[in-house]
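First to last, the protein sequences are chains A and B. Numbering follows full-length UniProt numbering, with no gaps: position 250 of the first sequence is 250. Numbering follows full-length UniProt numbering, with no gaps: position 495 of the second sequence is 495.
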Amino acid sequence: MSSGTGDTGLAGIVIAPEDATSMDKLAHSVLDDILYDLVHDLLIRVHRDEKSARANTAAIKVEKLALGAIDGSTPDQRPDVEIETDAAIYKDGRVTLKGNPLKTTKEILCPRCNLPKLLHPTDGKGAKKPDPGVIYCKRHPYIEKPGFDIYGQTWVAPGPGRGKKKKDMEKKDLNDPNSPVPGTEGSAKDRPPNVLSFPSATCSKCKRCILVTRLNNHMGSCIGNSGRNASRAAAQKISNSNGGSQNNDNTPPGSQKGTPLPGSRAASPKKRDMDDPDDDAEESDASKPKKKIKLATTSLNKKVTLKAANTTKKEKAKASSMLNVEQKVDDEDGKNSTVQVAPKKTNPKGPSPVKNKIKVAKPTQPSPAGKAKVKVRERDLETSVSP
Amino acid sequence: MSSARPATPASPKNYKVKAAQQGQPMYGCEHLQKLFNQDQVTTNTSIHHYKMILRTIFDQTPVVSQTVKVVDTQQVVTTLTPTYLCLQCPSTVTEEDRIKHGNKKSHRFYVDSRSAALYCQMCDDMVYDPTFEELRLKKLGTSTFSNTRKRKQDELFSPDPVKDSPAYISQNTTTATCKANGLRGIYNAGATCYQNVVLQSFLHNPILRNYYLSDGHSGCDTPHCLSCAMDDMFQDFYAVENTNGYTAANILSGFWISERKAFENLVTTKEQDAHEFFQFLAEELHERNGDGKKPEIGSEHSCNCIIHQTFYGKLQTQTTCQNCQGVTNQVQSFLDLSLPLENLTQKKGGKKLLGGKGTMTLQECLDEEYVKLDKCEYRCNGCNSTQQARRQTSIKRLPNVLSIQLKRFEYKQGRHERAAKIDTPVQFPLQLNMLPYTTVGRSGDTKDSYELARQCTYDLLSVVVHVGEIDTGHYVSYCRVGDQVCPFFSLWKMAMLTRLKVVRFQRPQGGSCPEVGRAQRKSLPLVLYCQVVDVGTLLGFLGRAGWTVSISSNGTGPTF
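1. Residue 91 of chain B to residue 154 of chain A, Cα distance in whole Å?
2. Whole angstroms is fine: what's the gap from residue 27 of chain A's alpha carbon to residue 152 of chain A's?
3. In the DSSP assignment, what residue or residues form a beta bridge with residue 376 of chain B?
4. Residue 101 of chain B touches chain A at which residues, Cβ-Cβ below 8 Å?
5. Quick check on residue 136 of chain B: does DSSP put it in helix, strand or coil?
6. Where does residue 245 of chain B land, buried or exposed, given buried means 16+ other C-beta within 10 angstroms?
7. What's the C-alpha gap between residue 145 of chain A and residue 95 of chain B?
8. Could you check whether the Cβ of residue 55 of chain A sits closer than 8 Å to any Cβ belonging to chain B?
9. Grab me the residues of residue 27 of chain B's own chain with a C-beta within less than 7 Å of its C-beta, minus the 5 sequence neighbours each way, in chain order.
10. Quick one: measure Cβ to Cβ for residue 11 of chain A and residue 42 of chain A, integer angstroms, because I've assumed they're closer than 8 Å.
11. With residue 45 of chain B as the anchor, note down where its alpha helix (DSSP H) starts and where it stops.
12. Give the list of continuous alpha helix (DSSP H) stretches no shorter than 4 residues that lie fully inside the region 249-282 of chain B.
13. Please state whether DSSP places residue 12 of chain A in a helix, a strand or coil.
14. Say whether chain B places a C-beta atom closer than 8 Å to the C-beta of residue 208 of chain A.
15. Less than 8 Å between the beta carbons of residue 78 of chain B and residue 67 of chain B, yes or no?
16. Using a Cβ-Cβ distance under 8 Å, would residue 37 of chain A count as near chain B?
17. Out of B:81, B:120 and B:248, state which residue places its alpha-carbon closest to the alpha-carbon of residue 98 of chain B.
18. Tell me where the beta strand (DSSP E) around residue 69 of chain B begins and ends.
19. List the whole-angstrom C-beta distance separating residue 271 of chain B from residue 177 of chain B, where the pair is believed to meet the contact cut-off of C-beta under 8 Å.
20. Can you give me the C-alpha to C-alpha distance between residue 435 of chain B and residue 331 of chain B, rounded to a whole angstrom?
21. Leaving out the 5 sequence neighbours to the left and right, which residues in its chain are closer than 7 Å to residue 371 of chain B when beta-carbon positions are compared?
22. Looking at the structure shown, is residue 107 of chain A part of a helix, part of a strand, or coil, going by DSSP?
23. Against chain B, does residue 22 of chain A count as a neighbour if the rule is that its beta carbon must be under 8 Å from one of theirs?
24. Going along the chain, which residues of its own chain have a beta-carbon closer than 7 Å to the beta-carbon of residue 114 of chain B, five neighbours each way excluded?
25. Look at the Cβ atom of residue 117 of chain B, then the Cβ atom of residue 54 of chain A, and state whether they are nearer than 8 Å.
26. Would residue 425 of chain B be called buried (16 or more neighbouring beta carbons within 10 Å of its own) or exposed?
27. Exposed or buried, what is residue 303 of chain B when buried is set at 16 or more other beta-carbons lying within 10 Å of its beta-carbon?
28. State the CB to CB distance for the pair residue 430 of chain B and residue 471 of chain B, rounded to an integer number of angstroms; the pair is presumed to be in contact (CB under 8 Å).
29. Is residue 23 of chain B close to chain A? Criterion is C-beta to C-beta, closer than 8 Å.
30. Under 8 Å: do the region 251-261 of chain B and the region 366-383 of chain B share three or more Cβ pairs, one atom per stretch?
31. Going along chain B in order, which residues have a C-beta closer than 8 Å to the C-beta of residue 195 of chain A?
32. Can you tell me whether residue 228 of chain B is helix, strand or coil according to DSSP?
33. Quick one: Cα of residue 15 of chain A to Cα of residue 23 of chain A, how far?
34. Verify the CB distance criterion: does residue 135 of chain B have a CB-CB separation below 8 Å to chain A?
35. Here's the rule: buried if 16 or more other CB atoms are within 10 angstroms of the residue's CB, otherwise exposed. What is residue 385 of chain B?
36. Within the same chain, show all residues whose beta-carbon is closer than 7 Å to that of residue 407 of chain B, passing over the 5 residues directly before and after it, in chain order.
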């Protein structure tokens, strides 16, 4: 049974046709009532938010006035004054309303910072220019604009070193070969503050500064064992265990020979003798590279410490100012390193003496390591472009 | 039959008007001020009546509050549209009759039957009085007016007389900037979107947020502690003005450094399953915050740590032997509910052919798992032999935040046996009533218990969706933030916020505002208002203080 006074429910929007059956009419009127309820609920909710905010604003304002009246020397105590505004009365430390706050109060103050709230987004859909003379609460309405996030921030377009192919990169370099930073994100100085780029983060193990997009991969190779070092570690492990098993084996070699392996029962002792020198050779082979690895790792460690000192400095500089030039240099650093890495990745298995050279060269460069690297890279690029 | 409300005599206890608070007027309007300042008896009856009206509206069948007597014709009508319950007498009137009733009896305050908002006839407007609003929110949130907590797990949130004093708070905390609202992206550190989505849903989980912001995890000196990393992250989201992406480096390194046998396969640079990461994070945080014991999902393990209080509930499996009718009960604690879709999809497949849309609802999936009986073989102690048995699983204790995972993968039989993703959309509500799936709910006599149903009602908190194929793709998470839901991509895609739009949600009924240093300790229902048809597997967290559904699928992350 619907309460509808007329042909349909309270909203009066969903109306059954004239010739509808009574069941049809009932259905229409129920639907209409539900529509009314939805709008009602929605309205009450918005109304509650808005009216409470305005009532609180009236209270904040009159409290401010009361505090001002007694010079605000004891901010914790409730001043014993009587103040009356258009919207509220302050008396005995209590605020009471005067009239309907929806009519008496026009703006909304933030209950936390007591600054006026910005009521329209500053950009995008429904944007209005805020009054430059007013300091607003820092929480702004969310911006709705294609290509921008809710804070009006946007993203640096993918460019070299951001997963784009070398082709794109070269094009940009041809346009402006002298600029050390190709592409849009290179002109970081003129980049508006709302354009973001990937930051770098410090690896908690090796303290190196890594571009965030490659952090997981880095940690995989640095902490976990899935990188270049993994194969080395594995090799070392294997060689260690080999040696270990040989050393710890208390069984005399003779007895080992005496117990034939399953399946090789028929194998002649001669053959086994043939095998043995092989084993020995392998052992010596394994031990040799082991030493090499050790050497290599120690030298690597030295480099790491040098680099770590550099990066920490950069980190500090960055912490002081989020978007200054230093950071951009740092940024470029990261990019250049990615550029350097790219050719490496193309044939990771092949021998790369060049890579080693670069690596050695790096730490020998003193403080302007970044710039030196940029130069090296430019030369590389020029040579690759010229033919 | 003007009203079904019982006319209980006013209790002798004196009710008090809510004390004046800074930045808030003391009364909803001038007329309420007069009412409250008349004498203590009027205040008592007004507050008492309002409480009774709240009980009528929220605890009884809606027929009671929706039935009115039309003043002119004395006709009793039940309506779908809002009615107004007089605050000063036990009558219910329609909107049109408000003025007639007011003129006749000079009763000027009415309560709206849908939202329990107070209407003042002299203002001719809804008024929101702090005293009444507090009662209303308490009723909606905990369904009691008192602050006493029944549930044991709320001990953590019980007020501390020292630490809850305003002086202590103002001394030891800093007010966060208004700009920090917890809405930030997390950078994708290379196929880590499966982590980011889970972190986002943790970040917007009110219980975890309150725990971390009220310094729940402190004085820890464990190196690479994941809980410390979480603490840092909460601070960065709710206290710092930055709006750019967050780099979850500490979490990532903690993840890499932790050596958990069960999750060894998870720790790679490859795309992974978000649900597994959720389990990993829950276990890790439990160990960092709890009694240090390994969480035993299989057994009845109870722990007081934040993770157990937030996510863990208990399942009861009742096995009835078909031979001797002997019943055995087994209780297990659970971190999340896993709902297989495979069977239902096959059943629905038939309908699909007939022209149906091939969608199903979350409730259907829950019905399948926690209402229907299934048969199994089991060794009966009574009969001392293997017997056919009927098994029924129900939820013995609901967690504060309920997580639901939809198992969106199946094994395709055939020449190439392989895992495939079930793409059937599952529709889920924004408010989920879990009463039918609880042990209490199953035992009957609860059909008319609106109060119990409301206690078992969860509000959607966040959703994690997987987009793409079974072995590769991207995770997206949607979190309820205040009155809005905001899709979170890894920051790479944060610009796409506009594409999906920031969907406006219903304001949480008295939703708490994040305050750094401490946060409101209330469990309130948080309501969402958007239908997101999921495309991935669901890993859900539903909460008493707000619920989350997150969606996950087997193994994936973005490739950039």
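Even glycine gets a Cβ: it sits at the ideal position worked out from N, Cα and C. Nothing here was measured: the structure is a model prediction, and the numbers come from that model.
Reading it off the structure:
1. Here residue 91 of chain B refers to the residue found at position 91 of the second sequence. Here residue 154 of chain A refers to the residue found at position 154 of the first sequence. For residue 91 of chain B and residue 154 of chain A, the distance between alpha carbons rounds to 58 Å.
2. In the first sequence, the residue the question calls residue 27 of chain A occupies position 27. In the first sequence, the residue the question calls residue 152 of chain A occupies position 152. One alpha carbon belongs to residue 27 of chain A, the other to residue 152 of chain A, and they sit about 46 Å apart.
3. Counting from 1 along the second sequence, the entry for residue 376 of chain B is found at position 376. Residue 376 of chain B is bridged to B:389.
4. Indexing the second sequence from 1 puts residue 101 of chain B at position 101. Residue 101 of chain B does not reach chain A, its nearest Cβ partner there being about 16 Å away, counting only Cβ pairs nearer than 8 Å.
5. For the purposes of this step, residue 136 of chain B is identified with residue 136 of the second sequence, where counting begins at 1. It is helical.
6. Counted from its first residue, the second sequence places residue 245 of chain B at position 245. The residue is buried, with at least 16 neighbouring Cβ atoms inside 10 Å.
7. Position 145 of the first sequence, counting from 1, holds the residue named residue 145 of chain A. Position 95 of the second sequence, counting from 1, holds the residue named residue 95 of chain B. Cα to Cα, the separation comes out at about 42 Å.
8. If you number the first sequence from 1, residue 55 of chain A lands on position 55. Yes - at least one Cβ of chain B is within 8 Å of the one on residue 55 of chain A.
9. If you number the second sequence from 1, residue 27 of chain B lands on position 27. Cβ within range, chain order: 33, 36 and 129.
10. For the purposes of this step, residue 11 of chain A is identified with residue 11 of the first sequence, where counting begins at 1. For the purposes of this step, residue 42 of chain A is identified with residue 42 of the first sequence, where counting begins at 1. For residue 11 of chain A against residue 42 of chain A, the beta-carbon gap comes to about 13 Å, at or over 8 Å, which does not count as contact.
11. One-based indexing of the second sequence puts residue 45 of chain B at position 45. Residue 45 of chain B: member of the alpha helix (DSSP H) spanning 40-59, first to last residue.
12. DSSP runs (the alpha helix (DSSP H)) wholly in the region 249-282 of chain B: 249-257.
13. The count along the first sequence starts at 1 and reaches residue 12 of chain A at position 12. Here DSSP, grouped into helix, strand and coil, assigns residue 12 of chain A to coil.
14. In the first sequence, the residue the question calls residue 208 of chain A occupies position 208. No, residue 208 of chain A does not count as interfacial toward chain B.
15. To locate residue 78 of chain B, count along the second sequence from 1; it is residue 78. To locate residue 67 of chain B, count along the second sequence from 1; it is residue 67. Yes, the pair counts as a contact, with Cβ atoms nearer than the cut-off.
16. By one-based count along the first sequence, residue 37 of chain A stands at place 37. Output row for residue 37 of chain A: interface = yes.
17. Stepping through the second sequence from its first residue, residue 98 of chain B is reached at position 98. It is B:120.
18. Taking the second sequence and counting its residues from 1, the one referred to as residue 69 of chain B is at position 69. Annotation: the continuous beta strand (DSSP E) that includes residue 69 of chain B extends over 67-69.
19. Here residue 271 of chain B refers to the residue found at position 271 when the second sequence is read from its first residue. Here residue 177 of chain B refers to the residue found at position 177 when the second sequence is read from its first residue. About 36 Å separates the beta carbons of residue 271 of chain B and residue 177 of chain B, which is beyond the 8 Å limit, so they are not a contact pair.
20. Numbered from 1 along the second sequence, position 435 holds the residue referred to as residue 435 of chain B. Numbered from 1 along the second sequence, position 331 holds the residue referred to as residue 331 of chain B. The alpha-carbon of residue 435 of chain B is positioned some 18 Å away from that of residue 331 of chain B.
21. The residue you call residue 371 of chain B lines up with position 371 of the second sequence. Sequence-distant partners of residue 371 of chain B (beyond 5 residues in either direction) whose C-beta falls short of 7 Å from its own C-beta, in its chain, are 436 and 437.
22. For the purposes of this step, residue 107 of chain A is identified with residue 107 of the first sequence, where counting begins at 1. Residue state, collapsed to three classes: coil.
23. Residue numbering aside, residue 22 of chain A sits at position 22 when the first sequence is read from its first letter. Chain B contact via Cβ: absent.
24. Here residue 114 of chain B corresponds to residue number 114 of the second sequence, with the count starting at 1. The beta carbon of residue 114 of chain B is closer than 7 Å to those of 82 in its chain, skipping five residues each way along the sequence.
25. Along the second sequence, read from residue 1 onward, the residue named residue 117 of chain B stands at position 117. Along the first sequence, read from residue 1 onward, the residue named residue 54 of chain A stands at position 54. Taking 8 Å as the Cβ cut-off, residue 117 of chain B and residue 54 of chain A do not qualify as a contacting pair.
26. The residue you call residue 425 of chain B lines up with position 425 of the second sequence. Classification of residue 425 of chain B: exposed, given that the 10 Å Cβ count is below 16.
27. Your numbering for residue 303 of chain B matches position 303 in the second sequence. Residue 303 of chain B should be labelled buried.
28. As a working note, residue 430 of chain B is residue 430 in the second sequence. As a working note, residue 471 of chain B is residue 471 in the second sequence. Not really, about 32 Å apart at Cβ, beyond 8 Å.
29. The sequence position of residue 23 of chain B within the second sequence is 23, counting from 1. Taking Cβ atoms only, chain A reaches closer than 8 Å to residue 23 of chain B, which makes this a yes.
30. Result no; under three Cβ-Cβ pairs closer than 8 Å.
31. One-based indexing of the first sequence puts residue 195 of chain A at position 195. Simply none; closest approach about 10 Å.
32. Counting from 1 along the second sequence, the entry for residue 228 of chain B is found at position 228. Helix at residue 228 of chain B.
33. Looking up residue 15 of chain A in the first sequence gives position 15. Looking up residue 23 of chain A in the first sequence gives position 23. Approximately 13 Å, taken between the alpha carbons.
34. Position 135 of the second sequence, counted from the start, is the residue given in the question as residue 135 of chain B. The beta carbon of residue 135 of chain B sits no closer than 8 Å to any beta carbon of chain A.
35. What you label residue 385 of chain B is simply residue 385 of the second sequence in a count that begins at 1. The Cβ neighbour count for residue 385 of chain B, taken over all protein chains shown within 10 Å, is under 16; the residue is labelled exposed.
36. Walking along the second sequence from the start, residue 407 of chain B turns up at place 407. Here the set comprises 338, 339, 340, 341 and 537.
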